[in-house]
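Below is one structure, written out as structure tokens, with a few remarks after it.
Number of protein chains: 2
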Amino acid sequence: MKKHTTLLLAAGLALSGSAALAAGAPAADAVRETARQFFQPIPTPESVIKERNISADSIELGRWLFFEPRLSRSHIISCNTCHSVGTGGADNIQTSIGHGWQHGPRNSPTVLNALFNGAQFWDGRAADLKEQAKGPVQASVEMNNTPSQVEETLKSLPEYVALFQKAYPKDKDPVNFENMAHAIEAFESTLLTPNSKFDQFLAGADSLDEIELKGLDLFMSKGCVACHQGINVGGQGYFPFGVVKKPGAEILPPDDKGRFTVTHTASDEYVFRAGPLRNIALTAPYFHSGDVWSLEQAVAIMGSSQLGQELNEGEVKAITRFLHTLTGEQPQVVYPILPPSTAATPRPQK
Amino acid sequence: MKKHTTLLLAAGLALSGSAALAAGAPAADAVRETARQFFQPIPTPESVIKERNISADSIELGRWLFFEPRLSRSHIISCNTCHSVGTGGADNIQTSIGHGWQHGPRNSPTVLNALFNGAQFWDGRAADLKEQAKGPVQASVEMNNTPSQVEETLKSLPEYVALFQKAYPKDKDPVNFENMAHAIEAFESTLLTPNSKFDQFLAGADSLDEIELKGLDLFMSKGCVACHQGINVGGQGYFPFGVVKKPGAEILPPDDKGRFTVTHTASDEYVFRAGPLRNIALTAPYFHSGDVWSLEQAVAIMGSSQLGQELNEGEVKAITRFLHTLTGEQPQVVYPILPPSTAATPRPQK
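Line by line, the protein sequences give chains A and B.
At position 235 of the first sequence (counting the first as 1) the number is 234 in numbering that gives the first Met the number 0, and the numbers step up by one without a gap.
At position 210 of the second sequence (counting the first as 1) the number is 209 in numbering that gives the first Met the number 0, and the numbers step up by one without a gap.
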């Protein structure tokens with residue numbers, strides 16, 4: 000429960016440091032000073048590649064794999080199907096549609112900046128992007144494939160074999176499920192959205208207008224920042240949905256107990272990872288249930304369920320305006336040209 | 000039946016002009032001379048854009064629309080789903096999977112170089128790409144949408160409205176289904192694959208090896224060229240599948256009567272558009288039924304069903320090797336960044 004108590008401590012810090020308490024209209028520099036205690040800017044892909052020493056070959060292989068429909072049993076679902084780089088890194092439907100038109104249990108989280116999340120999935124059941132990449136490939140409601148069939152598929156394609164060898168030159172048998180996941184993680188590490196208006200503000204620019212600035216100030220002073228902080232403005236700790244007041248069943252379906260299914264600890268019932276809010280304006284609908292289509296409504300629900308506060312219309316508007324400033328420069332991805340199947344490639348299965 | 004008689008005339012021309020009749024191994028220059036009577040090279044997108052006076056704004060709009068999943072009722076199917084620019088312009092499964100995981104009746108034809116087809120679809124029911132683009136959007140087994148809902152969707156997105164206005168500045172109400180189709184056609188007009196080994200050969204280079212050259216020579220002398228000629232090596236006239244001998248029911252399903260459903264003329268039963276063979280090595284499975292996975296097998300079937308000839312193994316291999324030289328430079332497409340939905344955007348429907 001360590002993470003939960005952080006909420007109150009952080010909220011206290013935000014309240015004491017808030018520029019909004021000092022005057023009617025917040026002063027940019029004071030808000031910036033407080034904001035810098037909670038948030039860090041999204042770096043450029045170039046700096047991340049250098050810092051993490053990610054090879055160009057693994058990124059290139061990952062780009063192929065990210066768009067590769069033959070990772071799925073049907074040959075029509077790729078990572079990009081539910082995490083499209085053209086639509087904020089998600090599919091923006093209530094819950095994802097997978098093999099056989101089955102509906103998944105939860106709303107698809109964005110792949111953009113996902114590298115900076117403390118853990119992956121709404122319940123944090125994967126420690127990192129490499130671990131995450133293995134899940135949907137095998138999930139029966141998603142790609143419905145098996146590691147052995149994926150390996151058989153990739154080994155049947157000479158162009159893939161050559162690229163795996165280039166990306167993993169020390170491996171004797173480089174075409175394997177682990178390296179597939181590693182390469183997808185390498186590519187996804189480049190799907191970053193730097194230089195948002197908010198990041199420009201953190202860096203010292205006057206990039207926020209008065210309402211956006213007020214929204215940021217409220218975001219910190221009201222306590223949203225307790226769960227939504229760090230580089231991704233969320234995506235780190237786990238918190239019960241409904242700290243103060245449980246939302247209705249359509250937003251918090253009773254049969255999805257969240258992190259409880261990972262930890263089997265009673266206190267983790269209806270506990271979810273705090274959503275990362277970067278590019279949140281691009282990825283309605285909201286929450287794990289994907290039932291809320293309006294960002295303003297989502298902000299209001301968070302106020303009542305998590306903070307026990309009925310935010311007034313002006314506050315909701317200002318916070319929503321601030322959230323729009325979290326939209327960064329979207330990645331420009333060239334669609335990969337994938338190698339044709341061979342006689343040895345497993346056929347698609349309906 | 001005008002088109003059918005062309006088959007025999009063209010075959011005669013091919014036979015009389017064939018270099019293979021003159022000597023054992025065909026001489027490159029003689030084969031080239033004959034080939035130039037039947038085929039033209041794929042031009043570059045730049046030259047097509049200039050020649051057809053296609054505006055940059057309509058191409059850009061078309062790029063967005065081609066990848067736009069909100070053209071479909073479910074919000075998860077775009078043009079690129081079944082005509083992926085990364086996999087030869089098709090989906091490479093037996094028959095396409097659409098709304099509700101329904102299976103379409105025919106194999107998805109490639110979008111690459113489709114501009115140069117005499118008509119679109121296996122039965123030629125659309126005169127051009129603009130007409131074609133309207134079909135799948137409305138087909139219940141594909142995107143399952145309606146023109147009015149598409150227009151409502153596009154009008155709800157300010158970035159689209161602005162781009163439609165730029166692309167169609169003379170229109171009072173530019174955001175409409177017709178312009179959507181026009182813009183998709185404009186973008187698809189750039190999805191060309193110039194500079195294949197075959198096109199280099201046509202231009203005078205020694206780009207074909209001995210077997211590929213023999214294959215091309217056989218392709219002309221055996222009569223394949225009667226139906227598969229022109230810039231797309233096919234895609235022009237209509238011909239009965241099984242001129243000489245009907246293939247089995249799995250390859251020619253009895254309930255798909257082809258062009259008959261368009262013309263309602265008895266002689267058009269089991270008549271289909273000759274498949275364009277550009278990039279054919281990238282787009283197995285083959286034929287409208289998508290039941291044949293091997294290009295060699297497809298060549299052999301064509302020999303027996305259309306030409307009444309049992310091609311020997313060496314002939315099949317050589318023709319197949321020639322067909323591989325029809326693979327051109329694939330288009331490099333940057334994935335578009337699509338605007339987020341608004342409160343006015345119709346929601347996805349399962």
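We treat Cβ as the ideally placed atom computed from N, Cα and C, and that holds for glycine.
In this text the structure is predicted, and so the values were computed from the model without any measurement.
Beta carbon of residue i, beta carbon of residue j: below 9 Å?
i      : j      : result
B/V261 : B/G123 : yes
A/G241 : A/S304 : yes
B/L281 : B/A26  : no
A/A138 : A/G87  : no
B/S288 : B/L251 : yes
A/I58  : A/I48  : yes
B/K129 : B/I210 : no
A/E99  : B/W100 : Before going further, note that residue 99 of chain A is Gly rather than Glu in the sequence given. Against a cut-off of 9 Å, the Cβ pair of B/W100 and A/G99 comes out as a contact.
B/A166 : B/A180 : no
A/R72  : A/P347 : yes
A/G234 : A/L306 : no
B/F115 : B/G134 : no
B/Q39  : B/G274 : no
A/P330 : A/T189 : yes
B/L310 : B/G302 : yes
Under 6 Å Cβ to Cβ from residue i, same chain only, skipping five residues before and after it: list those, please.
i      : result
A/R69  : T152
A/Y285 : V291, A297
A/C81  : D90, S95, S107
B/T5   : Low per-residue confidence applies at B/T5: pLDDT is 44, beneath 50, and the placement is therefore not dependable enough to give any value.
A/A343 : S155
B/L191 : I41, P44, N112
A/R258 : D122, Y237, D267, V270
B/S77  : F66, E67, P68
A/G355 : Given that chain A is displayed from residue 0 to residue 349, the structure contains no residue 355 of chain A and the question cannot be resolved.
Go ahead and label residue i buried or exposed: buried means 16 or more other beta carbons lie within 10 angstroms of its beta carbon, across all protein chains shown.
i      : result
A/A248 : exposed
B/K169 : exposed
B/P157 : exposed
A/T264 : exposed
A/A22  : The pLDDT assigned to A/A22 is 46, lower than 50, so where the model puts this residue is not dependable; a value taken from the coordinates is nonetheless given after this. Looking at its Cβ environment, which holds fewer than 16 other Cβ atoms inside 10 Å, A/A22 is exposed.
B/R31  : buried
A/R320 : buried
A/V333 : exposed
A/V270 : buried
B/S266 : exposed
B/E45  : exposed
B/D198 : buried
B/V232 : buried
B/G11  : Confidence is the limiting factor: at B/G11 the pLDDT is only 46, short of 50, which leaves the residue's position unreliable and the question unanswerable from this model.
B/R277 : buried
B/D216 : buried
B/E50  : exposed
B/P253 : exposed
A/A161 : exposed
B/P335 : buried
Using a Cβ cut-off of 7 Å, pull out every chain B residue sitting near residue i, in sequence order please.
i      : result
A/T86  : L337
A/R277 : Under the 7 Å cutoff, chain B gives no residues; its nearest Cβ is about 14 Å from A/R277.
A/D90  : I75
A/F66  : G85
So with CB distances below 7 Å, who are the chain A contacts of residue i?
i      : result
B/F218 : Ordered by position in chain A, no residue passes the 7 Å Cβ test against B/F218, which lies about 20 Å from the chain.
B/G99  : W100
B/H82  : The contacting residues do not exist; B/H82 stays about 12 Å from chain A at best.
Which residues in chain A have a C-beta closer than 9 Å to the C-beta of residue i? List them in chain order.
i      : result
B/A280 : P339
B/Y407 : There is no way to answer for residue 407 of chain B, as the model of chain B reaches only from 0 to 349.
B/S293 : A342
B/R346 : I92, Q93, P284, W292
So residue i packs on residue j, CB below 8 Å; how close in whole Å?
i      : j      : result
A/P173 : A/F163 : 4 Å
A/E352 : A/P193 : Given that chain A is displayed from residue 0 to residue 349, the structure contains no residue 352 of chain A and the question cannot be resolved.
Which same chain residues end up closer than 7 Å to residue i when comparing Cβ atoms and leaving out the 5 residues on each side of it in sequence?
i      : result
B/P345 : Q148, E151, T152
B/A118 : A125, A126, R272
A/G103 : T94, S95, G97, V140, E141
B/G16  : Low confidence applies to B/G16: its pLDDT is 44, below 50, so where it sits in the model is not reliable enough to give any reading.
For a contact defined as C-beta to C-beta under 8 Å, what are the partners of residue i on chain B?
i      : result
A/V333 : Q331, V332, V333, Y334
For residue i, which residues in chain A fall below 8 Å Cβ to Cβ?
i      : result
B/A230 : Position check: residue 230 of chain B holds Ile in this sequence, whereas Ala was assumed. Going along chain A, no residue has its Cβ under 8 Å from B/I230, so there is no contact; the nearest lies around 22 Å.
B/I96  : S73, I75, K349
Leaving out five residues before and five after residue i in sequence, what residues of the same chain have Cβ atoms less than 8 Å from its Cβ?
i      : result
B/L207 : A27, K196, F197, F200, L215, F321, T324
B/K245 : L251, Y269, S304
A/D56  : L162, K165, A166
Can we count residue i as close to the ligand MG, meaning its CB is less than 8 Å from some heavy atom?
i      : result
B/D267 : Although the ligand MG was asked about, the structure shown includes no ligands whatsoever.
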